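Below: one structure, written as structure tokens.
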Amino acid sequence: MAKTPEQSDFTSIQRRIKAAIYGKQPARLLPFVGNEQQALPKGLRFAANDYLALVDDTGRIIRDDKRGAIQPSTANILNNINIPLDSWLKVTLEFKHLFTGPVGTLQDVSRYCQRLGMKRVAKASSCRHWHH
């Protein structure tokens, strides 16, 4: 496991940090669009600062050499995207075992697989279980 988000190779957080240094939106990642209650364009339904706080809080829980917890203000992100805290932590800790490919709601992953011409949705049961 990487010591910092900047060192976490092949992750969206690393790509976002590198792009932010140059004031750019990383290619092939949805932008942050803010509060889900508003009628906003397609994108992630929370602010970049909230995302960074969630990554930081999660890292502090996972790493043995750090102390931390998901702060109430950060937990709002999980509430906004309908992921219970215990599910978030389990998915984060066991991600490689739970998913092998795209991750999201079954509907989103099915659409993604269809666009790629795939005939089967891998780990559909995980999508149903973790994205309720």
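All residue numbers for the sequence shown refer to our numbering, where the first residue is 177 and numbers rise by one. Even glycine gets a Cβ: it sits at the ideal position worked out from N, Cα and C. For clarity, every value in this text was computed on a predicted model and none was experimentally measured.
The continuous stretches of alpha helix (DSSP H) do not include residue 276, and DSSP gives it neither H nor E.
A Cβ-Cβ separation of about 7 Å places residue 268 in contact with residue 238 under the 8 Å criterion. For residue 273, the closest C-alpha among the options 179, 208, 233 and 301 is that of 301. Contact between residue 188 and residue 205 is confirmed by a C-beta separation of about 6 Å, below the 8 Å threshold.
Close CB contacts of residue 253 within its chain, under the 6 Å cut and outside five residues either way in sequence, are with 222, 226 and 230 (chain order). Under the DSSP assignment, residue 184 falls outside any alpha helix (DSSP H); it carries neither an H nor an E label.
Contact check for residue 224 against residue 208 passes: the beta carbons are separated by less than 7 Å.
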